[in-house]
Amino acid sequence: MSPEVMALIAMILVICLVLAGVRLAFAFMFLAVLFGYLYRGPTILDLFIQKTYEVMQNEVLIAVPLFVFMGLILERSEAAERLFSTMFQLFGPIRGGLAITTIIISTLFAACTGIIAASVTMMALIAFPAMLKRKYDKGLASGVVCAGGTLGILIPPSVMLVMMGPMCNLSVAKLFAGAMFPGLLLSALYIAYILLVSWLKPEVAPAVSVAERTAEKKTLIIQTLIYMIPVFGLLVGVLGSILLGMATPTEASAVGALGAIIIALVYRRLTLETLKLAVYETLKITSMVFFVIVGAGMFTSVFLFMRGGAMVEALLMATGFGKWGILALMMFVVFILGMFIDWIGILYIVLPVFLPVAVNLGFDPLYFVELIAINLQMSFLTPPFAYAIFFLKGVAPPEVKTTDIYRGVVPFVALQAVGLALCIAFPEIIMWLPTVTLK
Amino acid sequence: AFAQTKTLIGASCFPLKSPLGKYGIVSWAEKVEAMSGGRLKIRLHEPGEIVPATEVLDAVRKGVVDVGMNTPAWQKGEFPAGDLFYTLPGGVFDFHDLFVWMYSGEGIKLQQEMYKGAVVAFPLGLTPPEEIWSTKPVKTLEDIKGLKIRAAGLSMELWKALGASVVLLPAGEVIPALRRGLIDAAEFAYPSMDYALGLHEVAKYLFNPPIHMGSNMFQLLINPKVWDGLAPDLKEIIKNAAIAATIEGYCQAWVDSMEAFEKIKQAGVQMTKLSPEDQKKAKEIAFKILEEKAKEDEYFKKVWESQKRFLEKIRPFYEFSKFDI
Amino acid sequence: MMAFVERIVRMLGKGGAWLVIPLNLVVLYEVFIRYVLNRPTDWVYDTAWMLFSALFLLGGGWTLQEGRHVRIDIILNALPGRVRLVWEIFFYVVMLIPIMAILSWKGVEYASYAWRMGERLSTTTWGFPSAPVKTMIPLGFSLVLVQGIVELIKNLRKLKQGRV
Ligand code: NA
Ligand code: NA
Chain A
37 MSPEVMALIA MILVICLVLA GVRLAFAFMF LAVLFGYLYR GPTILDLFIQ
87 KTYEVMQNEV LIAVPLFVFM GLILERSEAA ERLFSTMFQL FGPIRGGLAI
137 TTIIISTLFA ACTGIIAASV TMMALIAFPA MLKRKYDKGL ASGVVCAGGT
187 LGILIPPSVM LVMMGPMCNL SVAKLFAGAM FPGLLLSALY IAYILLVSWL
237 KPEVAPAVSV AERTAEKKTL IIQTLIYMIP VFGLLVGVLG SILLGMATPT
287 EASAVGALGA IIIALVYRRL TLETLKLAVY ETLKITSMVF FVIVGAGMFT
337 SVFLFMRGGA MVEALLMATG FGKWGILALM MFVVFILGMF IDWIGILYIV
387 LPVFLPVAVN LGFDPLYFVE LIAINLQMSF LTPPFAYAIF FLKGVAPPEV
437 KTTDIYRGVV PFVALQAVGL ALCIAFPEII MWLPTVTLK
Chain B
6 AFAQTKTLIG ASCFPLKSPL GKYGIVSWAE KVEAMSGGRL KIRLHEPGEI
56 VPATEVLDAV RKGVVDVGMN TPAWQKGEFP AGDLFYTLPG GVFDFHDLFV
106 WMYSGEGIKL QQEMYKGAVV AFPLGLTPPE EIWSTKPVKT LEDIKGLKIR
156 AAGLSMELWK ALGASVVLLP AGEVIPALRR GLIDAAEFAY PSMDYALGLH
206 EVAKYLFNPP IHMGSNMFQL LINPKVWDGL APDLKEIIKN AAIAATIEGY
256 CQAWVDSMEA FEKIKQAGVQ MTKLSPEDQK KAKEIAFKIL EEKAKEDEYF
306 KKVWESQKRF LEKIRPFYEF SKFDI
Chain C
-3 MMAFVERIVR MLGKGGAWLV IPLNLVVLYE VFIRYVLNRP TDWVYDTAWM
47 LFSALFLLGG GWTLQEGRHV RIDIILNALP GRVRLVWEIF FYVVMLIPIM
97 AILSWKGVEY ASYAWRMGER LSTTTWGFPS APVKTMIPLG FSLVLVQGIV
147 ELIKNLRKLK QGRV
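Top line first, the protein sequences correspond to chains A, B and C. According to the working numbering, the first sequence is numbered sequentially starting from 37. According to the working numbering, the second sequence is numbered sequentially starting from 6. According to the working numbering, the third sequence is numbered sequentially starting from -3.
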């Protein structure tokens, strides 16, 4: 059997095993060892330890556990609750006001945390019940929480972008800068959609009665501003220091974690128990992520050893679609995989194979990688495998049915597709900020 | 005997399209194929594609791949003497010394001996001298004090001794870090590579001579079992293709750099040279560092002693023959 | 016996979890010493990646115990319990256990070479011994291995008792 055919079989098998419920990390490791052995014999086994050691020595990836830790502490700090409770009194009386507030707070927190688990859970716990209580449509409320929370992994800092940097040999700071405007664009699209819907169908996003206001409008504005200070402080400290060049993403993640701890201390929400839970949860997420990274590294090596990369490139070229056609095809593949496979899996199955093809076609690697990152936003919302929906379902009251959520996320997936299309058509949305701040 | 085709699988520590890869293992592989009339083919893989860039030695030793291009300085934890086959700081060896010591003196023999048969090693790839970029003018050694510099290898010790602080950064972060002021200076590579990367756009000053290092020399590693299985003529081809590739690549890198140097000048980069006194001081410090290192590791000492003996032999005639103007 | 193994795995996982605090502190220290005192260090760089490696390797076993290694069980959940159980047993017997055993064994070779040679880290000029951090590799994989064996036994018992 030719190595290319073996590579193709390995690729199909990895997708099959993952869909059959095999834990991602071990599906990768198993196939790497199996196919590596079949192709190269026992000497291949040493490669897997070298790959592990490579991941261990990767200084850039240290930002992952630190951003996770920061996000978890922030989630338990009550910063989001306080901000929401004043802002919703302020904007509640507007049609769709609660949904818009949710998106704004999601965007702010997206710029503070790097994981969607933290941001979706935060909004699902705070904003979701508030919207349901005020008779918002369950679907719309679900869509807003899922889409808003998902921004956490696109708007920097982002654990996903940290992982993409070393994979693609791109500066993480640059990736952060490139994801900023696409993230804000999506956020703006969501708000525009909410305004449109609540204007067309007032019953899905009713205005809250002014009677619910407990304080003067002026007081509320001041309170909102006060509660925004810590969030803004963190945002400027972390993002600002990376984008303005004062610190590396790893250093910024450590400063950010300290900032989150200080906020939790100020709000008197930091107990030993909170810290313990955050620390343990950080470990579980970190170990999960890094076992996948290590396993995927092993699998990718074996796949490329069998010249799988060249095979995929040849297959894509054989379509005769041309530069933009192939880009569209690759984006479509990522979207379809996004329905069934976890984003980490997609990243590690697809990116090492697609990126060289894209570069050969003449696309800027930064542009292409950011397009994948934006595309992956959809994967969090597209059933059957959708993290955002899982997290929301985990904390939503029982009267919210899964079908409500599915119905609610559809328009937001469409909005994400529009955002992706806009970024493809206008590369400046991605490329402008990295060009001015970082070259 | 009937000529059979054999394919060796190779890993590189440098991207194959970069000058270091192109003028190193890629050129070598092409020559091997041509010289052997196609009996020996080499299939090359990019760094990280199969083997991590820093693990090429281990991968060749264990037979994960058959051959590889490696930087000996990246395994200094296991082979501290590896640095000495790569480059020496402070102008102790200039870009001519290392090359001559390697090929005519004891270099090749000592390098092979260092690996104790774990791999078969030949020199492959030699670069023109490097240069140091900075965002602040550096005219004297005093100006180096307090500088935050990105460095690697033995030169890290020298920068520290000169009062600079050394920052470790992956290659991809150097340009953004210079632009953002995260570092004030960086040693990177030679003019054509630096120009291609755009270092002249982020750092307006360049200083030399390359007190951090002379030329860099890299290596070709072959798995000993693979080596033993090769016909004698193929072994000769492998060895000589490496010499040919090294010399050709070195000259080509100079040609590229001559053009690039002109462009860097035209870009308005200010170039300064350290005074002879400062150069001498840097060299003395580098000597001391090497002496210190020699105390820590026996094999380092052996190689360093060989290099010192070589310097004593080559310097008299070298100084006598070189123009002073 | 099984409870004892699980306790060890959990303890090492929890212990590893707390490493995030010193990790955070050393990186903060580097920020401080670089920006405030303008004197970067190399030991921080090495210490940071060693702490981070220990963190995720020590946690692999506990993460398995807690069922937190990411998986996509949508199709699986639609299948009868018995089929699920058999598939799970197949996973442990064919995939997880042999692979973790191989990686542990190779990791032992890798680490013991570093111990024998007295190898040092190549990343900076600090030159700290590389053996301790390399030992984390076989340790991490074998924690997953032993937890995997425990999970297998649990699943076999379930199958035997018909508790599906
Ligand atoms: Na974020
Ligand atoms: Na999905």
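Yeah, the Cβ is synthetic: ideal placement off N, Cα and C, and Gly gets one too.
Check, Outcome
"CB contact check: MET212 of chain C to chain A, cutoff 9 Å", "Nothing in the structure corresponds to residue 212 of chain C, since chain C is present only between -3 and 160."
"Cross-chain neighbours of ALA97 of chain C in chain A, by beta carbon under 9 Å", "By Cβ distance, chain A contributes nothing, its closest Cβ being about 11 Å from ALA97 of chain C, past 9 Å."
"Whole-Å CB distance - VAL348 of chain A paired with VAL405 of chain A, under 8 Å assumed", "Not confirmed; about 17 Å, so no contact."
"Length of the line joining the Cα atoms of PRO20 of chain B and LEU174 of chain B", "18 Å"
"Option in C:VAL23, C:ASP42 and C:GLY9 with minimal Cα separation from LEU51 of chain C", "C:GLY9"
"Between the CA atoms of ALA58 of chain B and LEU232 of chain A - distance to the nearest angstrom", "53 Å"
"Heavy atom of ligand 1 within 8 Å of SER289 of chain A beta-carbon", "no"
"PRO57 of chain B, DSSP secondary structure in three states", "coil"
"Three-way DSSP call (helix, strand, coil) for GLN312 of chain B in this model", "helix"
"Selected residue, minimal CA-CA separation from LEU275 of chain A, among A:PHE103, A:ALA63 and A:ILE45", "A:PHE103"
"Proximity test, Cβ basis, 9 Å: LYS318 of chain B and chain C", "no"
"Buried or exposed (CB count within 10 angstroms, at least 16 for buried), GLU317 of chain B", "exposed"
"Closer than 9 Å to chain B by CB, PHE335 of chain A", "no"
"Beta carbon of MET222 of chain B nearer than 9 Å to that of PHE90 of chain B", "yes"
"PRO134 of chain C: contacting residues in chain B (beta-carbon distance under 7 Å)", "Simply none; closest approach about 16 Å."
"Status (buried if at least 16 other CB within 10 Å, exposed otherwise) for GLN452 of chain A", "buried"
"Segment limits, alpha helix (DSSP H) that includes THR37 of chain C", "Here THR37 of chain C belongs to no alpha helix (DSSP H), and DSSP marks it neither H nor E."
"Local conformation of HIS101 of chain B per DSSP, three classes", "coil"
"Under 9 Å between C-beta atoms of GLY144 of chain C and TYR88 of chain C", "yes"
"Assigned secondary structure, GLU62 of chain C (DSSP; H/G/I helix, E/B strand, else coil)", "coil"
"Option in A:PHE335, A:CYS459 and A:PRO434 with minimal Cα separation from ILE55 of chain B", "A:PHE335"
"Interface residues of chain A facing LEU226 of chain B [CB-CB closer than 9 Å]", "Per Cβ cutoff of 9 Å: no residues; LEU226 of chain B is ~14 Å from chain A at best."
"Same chain, Cβ closer than 8 Å to SER118 of chain C, five either side skipped, listed in chain order", "SER126"
"Spatially closest choice to ILE133 of chain C from A:PHE341, A:LEU458, A:ALA350 and A:PHE326, by CA coordinates", "A:PHE326"
"Range of the contiguous alpha helix (DSSP H) that encloses SER100 of chain C", "93 to 113"
"Which residues DSSP lists as bridging MET216 of chain A, in chain order", "Answer by DSSP bridge pairing: none, since MET216 of chain A is not bridged."
"Euclidean distance between Cα positions of ARG168 of chain C and TYR316 of chain A", "The displayed coordinates of chain C run from -3 to 160. Any statement about residue 168 of chain C would go beyond what the structure contains."
"Three-state secondary structure (DSSP) of THR149 of chain A", "coil"
"Beta carbon of PRO94 of chain B nearer than 9 Å to that of ALA299 of chain B", "no"
"LEU206 of chain A Cβ short of 8 Å to ligand 1 heavy atom set", "no"
"Nonlocal neighbours in the same chain, by C-beta distance under 6 Å from LYS150 of chain B, ignoring five residues either side", "GLY168"
"Residue-level contact to chain A via CB, GLY110 of chain B, 9 Å cutoff", "no"
"9 Å Cβ cutoff met for LEU25 of chain B and ALA176 of chain B", "no"
"When A:TRP379, A:ILE380 and A:VAL393 are compared against ALA364 of chain A, the one with the closest alpha-carbon", "A:VAL393"
"Cβ pair PHE448 of chain A, SER415 of chain A closer than 9 Å", "no"
"Buried versus exposed, by CB contacts within 10 Å (16 or more), TRP58 of chain C", "buried"
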